[in-house]
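Chemist:
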Amino acid sequence: MADFIRARSDEQKEQRLAEIKRATSELFEGHPYHEITLTTIAERLGWSRANLYKYASTKEEIFLLLAQDQMDSYFDALMAAFPQGCGLDAPVIAEVWAGIANAHQLYFRIGDILLTIIETNVTIDRLIAFKGDYYKRHDALAARLADLLHEDEARSAWTVEAVYTHAVGLVSSCANNPLVTQALEALGIERRNVDFRSEMRDFILMCLERR
Numbered sequence: 001m002a003d004f005i006r007a008r009s010d011e012q013k014e015q016r017l018a019e020i021k022r023a024t025s026e027l028f029e030g031h032p033y034h035e036i037t038l039t040t041i042a043e044r045l046g047w048s049r050a051n052l053y054k055y056a057s058t059k060e061e062i063f064l065l066l067a068q069d070q071m072d073s074y075f076d077a078l079m080a081a082f083p084q085g086c087g088l089d090a091p092v093i094a095e096v097w098a099g100i101a102n103a104h105q106l107y108f109r110i111g112d113i114l115l116t117i118i119e120t121n122v123t124i125d126r127l128i129a130f131k132g133d134y135y136k137r138h139d140a141l142a143a144r145l146a147d148l149l150h151e152d153e154a155r156s157a158w159t160v161e162a163v164y165t166h167a168v169g170l171v172s173s174c175a176n177n178p179l180v181t182q183a184l185e186a187l188g189i190e191r192r193n194v195d196f197r198s199e200m201r202d203f204i205l206m207c208l209e210r211r
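Quick note: the sequence shown, position 89, residue 89 per UniProt numbering, numbers continuous.
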């Protein structure tokens, strides 16, 4: 924890938010969403719930902030990997994109509950900030891909959205749910092992080559 008792400056507040997001991310690595509460987050931090309430009134607000960090990192990595005029062909783009997606599985895991859970219980100001950031980054990536692939920007926008949607579904199928495992074992069904990176590469290439 930070040495200060109460965050007063903007820098201290950002530091506290970073601690909150890090603790939440660590909890999400080992626990399903419904088991994570403001109480468990506060306990992870060694704070009281009252202290946590100074920064977020719901756990959904914390997850939205975490999603925004992951989203920013994902889009920044893609824009850096595909600089203007780099001349990469579709197979190389697919390989690199899949690697970046693989490194950002947390973003897609949160995406699985973003629309139906997280975005239903946050302040309008935080949701506006999140959506504004998303569409700005989405549009910039679509424009970059359109330039690289010499295609219409609307076509590239479709690819960006299709890749995200597929990644959200695929990362969920990779998750280990003990109850699902038990049900499949009872049915005598062997669960297919999913190679997230490999399957994302193949899907992205299919999207890029679809004309």
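In this text, a Cβ means the ideal position worked out from N, Cα and C, and glycines have one as well.
On a CA-only basis, which of I20, A67, I124, A186 is nearest H104? Give me that one, please.
Modeler: Here residue 104 refers to the residue found at position 104 when the sequence shown is read from its first residue. Closest by alpha carbon: A67.
Chemist: Could you tell me which of Y164, S156, R49 sits nearest to A112, measuring between CA atoms?
Modeler: Sequence index remark: in the sequence shown, residue 112 carries index 112 (1-based). Strictly speaking, residue 112 in this sequence is Asp, with Ala absent from that position. The shortest Cα separation from D112 among Y164, S156, R49 belongs to Y164.
Chemist: For the region 35-69, which segments carrying the alpha helix (DSSP H) assignment without a break, of at least 4 residues, lie completely within its bounds, in sequence order?
Modeler: 38-45, 49-53, all fully within the region 35-69.
Chemist: Pick from K59, I100, A90: whose alpha carbon is nearest that of M71?
Modeler: In the sequence shown, the residue the question calls residue 71 occupies position 71. For M71, the nearest C-alpha among the options comes from I100.
Chemist: If you reduce the DSSP assignment to three classes, tell me which class H150 lands in.
Modeler: Working through the sequence shown from its first residue, we reach residue 150 at position 150. The answer is coil: DSSP assigns H150 none of H, G, I, E or B.
Chemist: Hey, L184 and R192: beta-carbon distance below 8 Å or not?
Modeler: The sequence position of residue 184 within the sequence shown is 184, counting from 1. The sequence position of residue 192 within the sequence shown is 192, counting from 1. No, the Cβ-Cβ distance between L184 and R192 is not below 8 Å.
Chemist: Residue range of the alpha helix (DSSP H) that N102 falls in?
Modeler: As a position in the sequence shown, residue 102 is number 102, starting the count at 1. Segment 90-103, the alpha helix (DSSP H) holding N102.
Chemist: Near T39, which residues of its chain fall below 7 Å by C-beta distance, leaving aside the five closest residues on each side in sequence?
Modeler: Here residue 39 corresponds to residue number 39 of the sequence shown, with the count starting at 1. Cβ neighbours of T39 beyond the five flanking positions: R49.
Chemist: Tell me the DSSP secondary structure of G188 in three-state form.
Modeler: For the purposes of this step, residue 188 is taken as the residue at position 188 of the sequence shown. If DSSP states are grouped into helix, strand and coil, G188 belongs with coil.
Chemist: Any idea what DSSP makes of I204, helix, strand or coil?
Modeler: Here residue 204 is taken as the residue at index 204 of the sequence shown, counted from 1. I204 falls in the helix class under three-state DSSP.
Chemist: Looking at the secondary structure, which residues open and close the alpha helix (DSSP H) in which E14 lies?
Modeler: Mapped onto the sequence shown, residue 14 falls at position 14. Its alpha helix (DSSP H) spans residues 10-30.
Chemist: Using 10 angstroms around the beta-carbon of F4, count the other beta-carbons present and answer buried if the total reaches 16, otherwise exposed.
Modeler: Mapped onto the sequence shown, residue 4 falls at position 4. Confidence at F4 is low in this model, with a pLDDT of 39, below 50, so the placement of that residue should be treated as unreliable; the coordinate-derived value is given next. The residue is exposed, with fewer than 16 neighbouring Cβ atoms inside 10 Å.
Chemist: With DSSP run on the structure shown, which of helix, strand or coil describes G111?
Modeler: Numbered from 1 along the sequence shown, position 111 holds the residue referred to as residue 111. Of the three classes helix, strand and coil, the one that applies to G111 here is helix, per DSSP.
Chemist: In whole angstroms, what separates the C-alpha of Y135 from that of A186?
Modeler: Here residue 135 refers to the residue found at position 135 when the sequence shown is read from its first residue. Here residue 186 refers to the residue found at position 186 when the sequence shown is read from its first residue. In a straight line, the C-alpha of Y135 is about 44 Å away from that of A186.
Chemist: Distance, Cα to Cα, A142 vs F108?
Modeler: What you label residue 142 is simply residue 142 of the sequence shown in a count that begins at 1. What you label residue 108 is simply residue 108 of the sequence shown in a count that begins at 1. For A142 and F108, the distance between alpha carbons rounds to 19 Å.
Chemist: Give me the residue from D125, F130, L17, A140 with the minimum Cα distance to W47.
Modeler: The count along the sequence shown starts at 1 and reaches residue 47 at position 47. The candidate whose alpha carbon is nearest that of W47 is L17.
Chemist: Let me know if Y53 comes out buried or exposed under the rule of 16 or more other beta-carbons within 10 Å of its beta-carbon.
Modeler: One-based indexing of the sequence shown puts residue 53 at position 53. Flag for Y53 reads exposed.
Chemist: Are the beta-carbon atoms belonging to L208 and A129 less than 8 Å from one another?
Modeler: What you label residue 208 is simply residue 208 of the sequence shown in a count that begins at 1. What you label residue 129 is simply residue 129 of the sequence shown in a count that begins at 1. Their beta carbons are not under 8 Å apart, which means L208 does not touch A129 by this criterion.
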